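Student:
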Amino acid sequence: MDEATEGGAVKRFLYVNRKAPYGTIYALESLEVVLIGAAFDQDVSLAFVGDGVYQLTKGQDTKALEVKNFSPTFRALDDYDINKIYVDADALRARGLTEADLVIPVEVVSTERMAQIMEGQDVILSF
Amino acid sequence: MDEATEGGAVKRFLYVNRKAPYGTIYALESLEVVLIGAAFDQDVSLAFVGDGVYQLTKGQDTKALEVKNFSPTFRALDDYDINKIYVDADALRARGLTEADLVIPVEVVSTERMAQIMEGQDVILSF
Amino acid sequence: MLHTVNKSPFEHSALETCLRYARQGAAVLLIEDGVYAAARDTAVSKQVEEALKKVSIYALEADLAARGMRNRVIDGVRLVDYEGFVDLVVEHNAVQSWL
Amino acid sequence: MLHTVNKSPFEHSALETCLRYARQGAAVLLIEDGVYAAARDTAVSKQVEEALKKVSIYALEADLAARGMRNRVIDGVRLVDYEGFVDLVVEHNAVQSWL
Amino acid sequence: MKLGILVNEGPYTHQASDTAYQFAKAALAKGHEIYRVFFYHDGVNNGTRLTVPPQDDRNIVKRWSELAAEHKLDLVLCIAAAQRRGLMDKNEAKRHGKDTDNLAAGFRISGLGQLIETGIQSDRLVVFGD
Amino acid sequence: MKLGILVNEGPYTHQASDTAYQFAKAALAKGHEIYRVFFYHDGVNNGTRLTVPPQDDRNIVKRWSELAAEHKLDLVLCIAAAQRRGLMDKNEAKRHGKDTDNLAAGFRISGLGQLIETGIQSDRLVVFGD
């Protein structure tokens with residue numbers, strides 16, 4: 726355990742996003758947690774694995790569903806100094822996607838690297 | 726369309742059970758529909774596919790979960806003249822189960838036979 | 012018979028199970044997160060292309076568009092709007108939802 | 012790290028995804044419908060037996076019993092009650108729930 | 027044609043209620059009749075009048091109430107499912123000694139028999155769920 | 027040790043709330059402290075006082091209320107999630123012009139910040155959901 730956690734001052738928070746958008750509300754409500762959490766000055770990372778990578782795809786047009794397209798909100802994360810955004814390479818590949826298909830710059834990582842990132846966290850919020 | 730359906734008198738109802746018990750309530754609440762439906766004198770069949778076969782396993786003991794064990798209720802189906810109960814052979818096999826592991830006598834059928842049974846229905850209630 | 016599938020094929024077995032039971036000439040309508048199965052060049056697209064030889068496959072356009080998948084659809088998968096969904100229900104003798 | 016899995020391995024990808032990320036020495040606790048993965052002689056039991064070489068696997072006894080799986084558990088999978096669940100949480104630095 | 031609809035999930039969390047609503051609207055636009063919309067499992071949560079969705083979001087409950095008013099739709103919550111989940115009308119509230127009810131306009135609470143009847147009376151039954 | 031609990035699903039439909047309850051009870055029995063139980067997504071449905079489960083079934087809401095009373099647990103429903111799903115306390119009902127509220131004893135409604143705080147203040151956070 727490092728000093729920061731010992732002192733209780735700053736914890737490493739990881740949000741693990743595994744659900745596609747719109748079919749269920751988890752993706753949208755998770756993003757609401759991330760935005761609120763940004764005010765707490767913790768060490769925040771976001772992981773997108775499995776269907777979670779679909780949250781970040783470009784070209785979402787929700788008009789016919791009569792729901793709000795929340796994908797542009799991910800672009801605001803940088804304003805909140807949330808920029809540790811990890812995307813599983815295999816998850817992208819299995820879905821025929823590349824980094825160029827995503828609405829924000831991300832760090833595409835291997836399974837092994839993602840596992841390391843998860844291992845180094847204090848609090849893991851999974852949705 | 727056969728005479729029965731044309732006349733609106735008797736319809737073929739199929740209940741398709743695909744969810745395991747206890748992790749979610751769908752299995753229990755589906756059984757409640759079947760029992761209520763029995764009073765309507767329709768032509769009723771039950772299909773158990775995928776995890777649905779777990780609803781029928783012997784030896785369920787729910788005491789520590791503090792929920793009701795509803796597996797004995799399946800034994801009451803016969804009293805309601807509901808005896809067309811089909812279980813997918815592959816679903817059993819994949820889960821290491823045999824007919825002897827189930828609380829009621831069923832007809833274990835191939836995928837092709839199950840597909841035929843589904844095709845012959847008027848109303849399919851899936852849970 | 013019309014089958015509907017509303018789950019992502021990458022996380023759930025619903026599509027796979029549906030395709031096992033769907034018989035020659037049946038129709039499969041992909042809705043909600045199920046539309047991800049309609050996308051080209053994925054780990055499941057071969058399975059869907061293979062299924063097209065046996066069944067008709069439709070995808071709900073509103074769901075594809077919402078997910079940014081409108082322009083990635085496998086050749087042979089037909090797009091429908093909600094009225095087209097209603098037509099499919101009317102045209103088939105029964106509907107099986109693979110939830 | 013402690014991982015929990017509450018989904019059936021036959022219908023959902025949660026266990027498979029969990030095992031991909033679980034590192035040497037991690038603990039995996041099967042709960043709710045996730046306990047079906049602890050059963051012997053199934054289509055996924057080989058995968059679980061393989062995983063036992065890398066991680067410790069536990070299953071919640073109350074969930075196994077409810078599902079009639081109490082006497083079908085793979086050798087090497089350890090059973091815990093709710094207090095054992097609490098102990099596992101306390102013993103590991105963080106918990107990752109694969110929902 | 028006469029269509030029956032079964033909704034198995036509550037508002038917002040799953041898309042089921044949205045899809046069922048768009049399906050119902052399209053069916054009515056094409057001149058079909060909706061025999062009944064039956065809400066089961068968490069679907070009963072569509073019938074609460076206490077939702078206050080964000081202003082930039084759709085109001086799922088209100089939308090059902092309005093569609094029901096416009097087309098005389100029969101929106102039925104399963105009574106057993108509603109009791110488990112905390113949905114009740116005035117009668118139910120009285121019967122169970124609760125101080126209030128929470129049912130929205132256009133919905134009514136009744137037994138599971140109404141679902142079976144929907145299957146019998148409709149030419150097609152379509153199920154929306156998780 | 028100080029434990030935080032997040033419950034993401036409503037009562038009865040998913041086992042999440044049951045498992046979280048048994049976990050909380052076991053943790054308290056072992057002498058641990060529960061910093062807070064936060065209810066998010068459909069989890070807010072655990073906080074309605076209008077459930078009437080069958081007599082031979084457990085009363086999930088009441089069980090949480092009683093555990094809270096006995097151990098001074100802090101049971102918090104997320105306000106945004108509660109608004110979408112029709113859960114409100116007296117203040118919220120007044121603020122939104124609703125004629126009633128439906129919050130059960132022992133629960134309170136507050137912001138998402140309380141979840142983050144639970145993560146910061148607890149030694150472990152355990153998530154229960156679908």
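Protein chains in written order, with my numbering: chain Z, 726 to 852; chain E, 726 to 852; chain B, 12 to 110; chain W, 12 to 110; chain L, 27 to 156; chain R, 27 to 156. Cβ atoms here follow ideal geometry from the backbone N, Cα and C, with glycine treated the same way. Remember, it's a predicted structure, so these values are computed and weren't measured experimentally.
#1: Using the beta-carbon count (16 or more within 10 Å), is Glu61/W buried or exposed?
#2: Under 8 Å: do the segment 141-154 of chain R and the segment 28-45 of chain R share three or more Cβ pairs, one atom per stretch?
#3: Give the interface partners of Arg78/B over in chain Z, defined as CB-CB distance under 8 Å, in chain order.
#4: Counting only beta-carbon separations shorter than 8 Å, does Ala819/Z have a partner in chain B?
#5: Taking the straight line between their C-alpha atoms, what separation do you get for Gly732/Z and Gln767/Z?
#6: My output table needs one value for Phe852/E: the three-state DSSP class, helix, strand or coil.
#7: Determine the direct distance from the alpha carbon of Glu143/R to that of Thr15/W, and round the result to whole angstroms.
#8: Answer yes or no: does any C-beta atom of chain W fall closer than 8 Å to that of Ala789/E?
#9: Identify the continuous alpha helix (DSSP H) that holds Asn117/R and give its terminal residues.
#10: In this structure, does DSSP put Ser136/R in helix, strand or coil?
#11: Using a C-beta cutoff of 8 Å, does Gly775/E count as contacting chain W?
#12: Cβ of Val88/B within 8 Å of Cβ of Ala70/B?
#13: Give the secondary structure of Thr787/E by DSSP, where H, G and I count as helix, E and B as strand, and everything else as coil.
#14: Within the 8 Å Cβ cut-off, does Val91/B reach chain L?
#15: Touching or not, the segment 115-134 of chain L and the segment 86-103 of chain W, by the rule of three or more beta carbon pairs under 8 Å?
#16: By DSSP, does Ala130/R sit in helix, in strand, or in coil?
#17: Restricting to Cα atoms, I'd like to know which of Leu739/Z, Lys736/Z and Lys744/Z is closest to Ala816/Z.
#18: Is the CB-CB distance between Arg78/B and Tyr32/B below 8 Å?
#19: Suppose the cutoff is 6 Å on Cβ atoms and the five residues either side in sequence are ignored; what does the same chain contact list for Leu827/E look like?
#20: Would you mind stating whether Gly137/L and Ile105/L have Cβ atoms separated by less than 8 Å?
#21: In whole angstroms, what is the alpha-carbon distance linking Ala825/E and Asn742/E?
#22: How would you label Pro80/R, buried or exposed, when you count the other beta carbons within 10 angstroms and need 16 or more for buried?
#23: Grab the span of the beta strand (DSSP E) containing Ile105/L for me, first residue to last.
#24: Using a beta-carbon distance below 8 Å, is His24/L in contact with chain R?
#25: Spatial neighbours of Glu757/E within its chain, please: CB distance less than 6 Å, with the 5 preceding and 5 following residues excluded, ordered by chain position.
#26: Locate the alpha helix (DSSP H) running through Gln841/Z, then write down its first and last residues.
#27: By alpha-carbon positions, which one of Gln841/E, Ile849/E, Ser851/E and Asp847/E ends up nearest to Arg34/B?
#28: Let me make sure I understand the geometry here. Which of Phe773/Z, Ala734/Z and Ile829/Z has the alpha-carbon closest to that of Ser851/Z?
#29: Please state if the CB of Phe64/L and the CB of Gln140/L are separated by a distance shorter than 8 Å.
#30: Relative to the alpha-carbon of Arg737/E, which residue among Pro746/E, Thr749/E and Ala763/E has its alpha-carbon at the smallest distance?
#31: Got a sec? Which residues, its chain only, sit under 7 Å from Ser835/Z by beta carbon, not counting five neighbours each side?
#32: Looking only at DSSP bridge pairs, what is Phe64/R linked to?
#33: So what does DSSP say about Arg818/E, is it helix, strand or coil?
#34: Considering only residues of the same chain and omitting the five flanking positions on each side of Ser19/W, which have a CB-CB separation below 6 Å?
#35: Bridge partners for His14/W per DSSP, in chain order?
#36: Counting only Cβ pairs nearer than 7 Å, list the residues of chain R close to Val848/Z.
Tutor: Answer, in terms of the structure:
#1: With fewer than 16 other CB atoms across the displayed protein chains lying within 10 angstroms of its CB, Glu61/W is exposed.
#2: yes
#3: Ala745, Pro746, Tyr747, Tyr779, Thr782 and Gln785
#4: yes
#5: Note that Gly732/Z scores a pLDDT of 48, beneath 50, so its modelled location is shaky; the value from the coordinates is reported in the next line. C-alpha separation (whole angstroms): 13 Å.
#6: Secondary structure at Phe852/E: coil, using DSSP grouped into helix, strand and coil.
#7: Looking at the two C-alpha atoms, the distance is approximately 23 Å.
#8: yes
#9: That run of the alpha helix (DSSP H) goes Lys116 to Arg121.
#10: Three-state result, Ser136/R: strand.
#11: yes
#12: Yes, they are a contact pair.
#13: coil
#14: The Cβ of Val91/B sits no closer than 8 Å to any Cβ of chain L.
#15: no
#16: Coil.
#17: Nearest of Leu739/Z, Lys736/Z and Lys744/Z to Ala816/Z, Cα basis: Lys744/Z.
#18: no
#19: Leu781
#20: yes
#21: 19 Å
#22: The residue is exposed, with fewer than 16 neighbouring Cβ atoms inside 10 Å.
#23: Careful: Ile105/L lies outside any beta strand (DSSP E), inside the alpha helix (DSSP H) at Ile105 to Arg111.
#24: Given a span of 27 to 156 for chain L in the structure shown, any question on residue 24/L remains unanswerable.
#25: none
#26: In the DSSP annotation of this structure, the continuous segment of the alpha helix (DSSP H) that includes Gln841/Z starts and ends at Thr836 to Glu844.
#27: Gln841/E
#28: Phe773/Z
#29: yes
#30: Comparing Cα-Cα distances from Arg737/E to each of Pro746/E, Thr749/E and Ala763/E, the minimum goes to Ala763/E.
#31: Ala814
#32: Beta bridge pairing from DSSP links Phe64/R with Leu32/R and Val102/R.
#33: helix
#34: Asp44 and Tyr47
#35: In DSSP, His14/W forms a bridge with Val39/W and Gln107/W.
#36: Gly145 and Leu151
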